[in-house]
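Mapping the sequence shown onto numbering that gives the first Met the number 0, position 263 (from 1) lands on 262, and the numbers just tick up by one. All C-beta atoms, glycine included, are put in the ideal place defined by N, C-alpha and C. Source: prediction; values computed, not measured. A short write-up of the structure that comes next.
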Amino acid sequence: MTMFDKRSAGVCAALALTAIGQTAFAAPSESKKRQKDGRPNIVYIMTDDHTGQAMGCYGGPQNAQKVNPTPNLDRIANEGVRFTNSYVANSLSGPSRACMITGKHSHKNGFTDNSTCVFDGTQPTFPKYLQNAGYQTALIGKWHLESLPTGFDHWEIVPGQGNYYNPDFIQQNGDTVQVHGYLTNLITDKSIDWLENERDRDKPFAILVHHKAIHRNWMADTCDLNLYENVTFDLPETFYDDYEGRPAAAEQEMSIIKDMDLTYDLKMYRPQVDTRLKGMYENFVGRMDDEQRAKWEEFYNPIIDDFYSKPREGKELAEWKYQRYMRDYLKTVAGLDRNVGRLLDYLEENDLMDNTLIVYTSDQGFYMGEHGWFDKRFMYDESFRTPLVMIPPKGYKAKGDITEMVQNIDYAPTFLDMAGVKVPEDMQGVSLVPLLKGQHPKEWRDAIYYHFHEFPAEHMVKRHYGVTDGRYKLMHFYNDIDQWEMYDLENDPNEMNNLYGKPEYADLQTRMLGILKAKQVEYDDPIRFKFPIAE
Ligand code: SGN
Ligand code: CA
0 MTMFDKRSAG VCAALALTAI GQTAFAAPSE SKKRQKDGRP NIVYIMTDDH
50 TGQAMGCYGG PQNAQKVNPT PNLDRIANEG VRFTNSYVAN SLSGPSRACM
100 ITGKHSHKNG FTDNSTCVFD GTQPTFPKYL QNAGYQTALI GKWHLESLPT
150 GFDHWEIVPG QGNYYNPDFI QQNGDTVQVH GYLTNLITDK SIDWLENERD
200 RDKPFAILVH HKAIHRNWMA DTCDLNLYEN VTFDLPETFY DDYEGRPAAA
250 EQEMSIIKDM DLTYDLKMYR PQVDTRLKGM YENFVGRMDD EQRAKWEEFY
300 NPIIDDFYSK PREGKELAEW KYQRYMRDYL KTVAGLDRNV GRLLDYLEEN
350 DLMDNTLIVY TSDQGFYMGE HGWFDKRFMY DESFRTPLVM IPPKGYKAKG
400 DITEMVQNID YAPTFLDMAG VKVPEDMQGV SLVPLLKGQH PKEWRDAIYY
450 HFHEFPAEHM VKRHYGVTDG RYKLMHFYND IDQWEMYDLE NDPNEMNNLY
500 GKPEYADLQT RMLGILKAKQ VEYDDPIRFK FPIAE
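Rendered as structure tokens:
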């Protein structure tokens, strides 16, 4: 059943306090009632494709002084901790979500790729363990694991990737309901609404707030459309990468120049001329109501007119695309940041900060023009890393930067550990609680393992696995290719100079192959290389 729910007016800057949920929260009496169970609550906020290069506290966006797109996210880092070496296990949405919720690598949780997998919802996950321990659990937003969620007292998800404007939500009773508004605002409204009106105040809670933003095709809220139009972003050093010595990197389909679509990604659509593209265009703007669409067209039409009035090609076109990409992406970040601020304000106003672990992360990093790309998937740092900032509950001593190498398989054990639930032996991640207490365990992991499986598929990034010890990185691309790469991340942070097979690095290569072998054995990955390698 589809209904059009007109409740939300959408939340733009000054309008924020008039959003649906907010007016309902005016009476504080019930909300001020203190939680009886002293175990910490968990607010886990995860966005989609939000990369550190677009987050103020990680130094982004690159070279654009005066632009800080994330003051609210930075507040989490400033009041709490910033992980400076945070990685994913498989840089893609569904796989990342499955790793995060199970505490296991993809080959163990079974969700190796977005195109062929359905998450087995009968397997143990951290929300189920928390539920069994007496927590109340909720999930709101993007889920993307194909099967319906299990382990949540309350859930409301968007189908697949979800829509930015007037999106559908699948509800727990099986109904699909269309809701009026902009998705980032709506997910926040619904999360606050659950905290305020549906939470059982006798229990601790864990809520997963999963945004679609900043996923392609980077559609901002109408109130943010004018942002950053006067900013010119510097090109990343590697924008014109020629992929020399890296054939696997050369073969992808995620190039801003070649693959970024003028209509779909950059919204340059002329209804009178591009009639063939109408269906594709309407697919993403067709859900808007007249007012939203009028604001959208008022903003984009002059840019479209200007674009088609001055034909560009070669580098000029490439750099024009890059600037539009950066602007659209960062406008979408702005709405996300504002909404995280709304959620933080709610927690603060309701005395929930002291006893709550607040986490902000993304399902993976993203390319903002580095190597000439958008999208993710590769084990190169921009998409292998993911932002991770937290405000721990009161009493946890850590502040500032945590530099130990951590991975999204660590979140589940961390939440269980913090809740006083024994971490199951088959979880492959490790609890971050000691780090949040300000400790630096001597026996911390010395390398991170990665495995990307989705090929052939959109963007055509080859299958590969690899390890990093923080200083060096080794990768093996396999399947229809057999290509090794090795980098010195300190001397070559852009990963341009493939050291694999160079005689002067033979010892390092042997050492890194040893680490890779050890990790594939430790994590019991059935897809592994044969050792030693025949050169
Ligand atoms: C969609 C996007 C891709 C993106 C995948 C996976 N195409 O298919 O660009 O790589 O999602 O992203 S689109 O035409 O539908 O926008 S993920 O983050 O969900 O894994
Ligand atoms: Ca993603």
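Selection G93, G150, N216 evaluated against S114 yields G93 as nearest (Cα-Cα).
The count of Cβ pairs closer than 8 Å, one atom from the stretch 302-322 and one from the stretch 44-55, stays below three, leaving the stretches out of contact. A direct Cα-Cα distance of roughly 8 Å separates Y299 from M267. Annotation: the continuous beta strand (DSSP E) that includes V388 extends over 387-390.
Contact annotation: V80 and A418 have beta-carbon atoms that are not nearer than 7 Å. For L138, the secondary structure class from DSSP, reduced to helix, strand or coil, is strand. By the CB criterion at 7 Å, N497 and R275 fall outside the cutoff.
Looking only at A247, L316, D523, the smallest Cα-Cα distance to I480 is reached by A247. In the three-state DSSP reduction, S85 falls in the strand class (E or B). The secondary-structure analysis by DSSP pairs G285 with nothing; it has no beta-bridge partner. Within the stretch 321-393, the complete beta strand (DSSP E) segments at least 3 residues long are 355-361, 387-390, listed from N- to C-terminus. Look at the beta carbons and you see the stretch 252-265 touching the stretch 367-378: at least three pairs across the two are nearer than 8 Å. For the stretch 55-105, the continuous beta strand (DSSP E) assignments of 3+ residues that do not extend past its boundaries occur at 80-82, in sequence order. In the DSSP assignment, A205 falls within the unbroken beta strand (DSSP E) covering 204-209.
Under DSSP, E155 forms a beta bridge with I139, Q170. Distance from the CA of I75 to the CA of V420, rounded to the nearest whole angstrom, comes to 25 Å. Residue burial is scored here from C-beta neighbours: K393 has fewer than 16 other C-beta atoms within 10 angstroms and is therefore classed as exposed. Two segments are said to touch when three or more pairs of C-beta atoms, one from each, lie closer than 8 Å; by this definition the stretch 215-229 does not touch the stretch 449-464. When C-beta atoms of the stretch 194-205 are compared with those of the stretch 304-317, fewer than three pairs fall below 8 Å, so the two segments do not count as touching. In this structure, DSSP gives Q427 a state outside helix and strand, which the three-state scheme calls coil. In the pairwise beta carbon analysis, the stretch 163-180 is classified as not touching the stretch 103-122: fewer than three pairs are separated by under 8 Å.
DSSP places S254 in the strand class (E or B) of the three-state scheme. Between D152 and Q170, the C-beta spacing is not below 7 Å.
In the three-state scheme derived from DSSP, where H, G and I count as helix and E and B as strand, L473 is classed as strand. DSSP places V420 in the coil class of the three-state scheme, outside both helix and strand. By the C-beta density criterion, S430 is buried, having at least 16 other C-beta atoms within 10 angstroms.
Around the beta carbon of P412, 16 or more other beta carbons sit within 10 angstroms, so the residue counts as buried. The alpha helix (DSSP H) runs lying completely inside the stretch 221-275 and spanning 4 residues or more are 246-249, given in chain order.
Where M45 is concerned, there is no enclosing alpha helix (DSSP H), although the beta strand (DSSP E) around it starts and stops at 40-46. In chain order, E145, S146 place their CB closer than 7 Å to the CB of V117, counting only its own chain and leaving out the 5 sequence neighbours on each side.
When the alpha-carbon of D491 is set against those of V339, G150, T237, the nearest one is in T237.
Nearest to M279 by C-alpha distance, out of A88, L342, Y263, is Y263.
Taking a C-beta distance under 7 Å as the contact criterion, G161 and H209 do not qualify as a contact pair. For D487, the enclosing beta strand (DSSP E) starts and ends at 482-487. Leaving aside the five residues that flank N71 on each side, the residues in its chain whose CB is nearer than 6 Å to its CB run, in chain order, D336, V339, G340. Looking from the CA of I357, the closest CA among L346, G469, Y366 belongs to L346.
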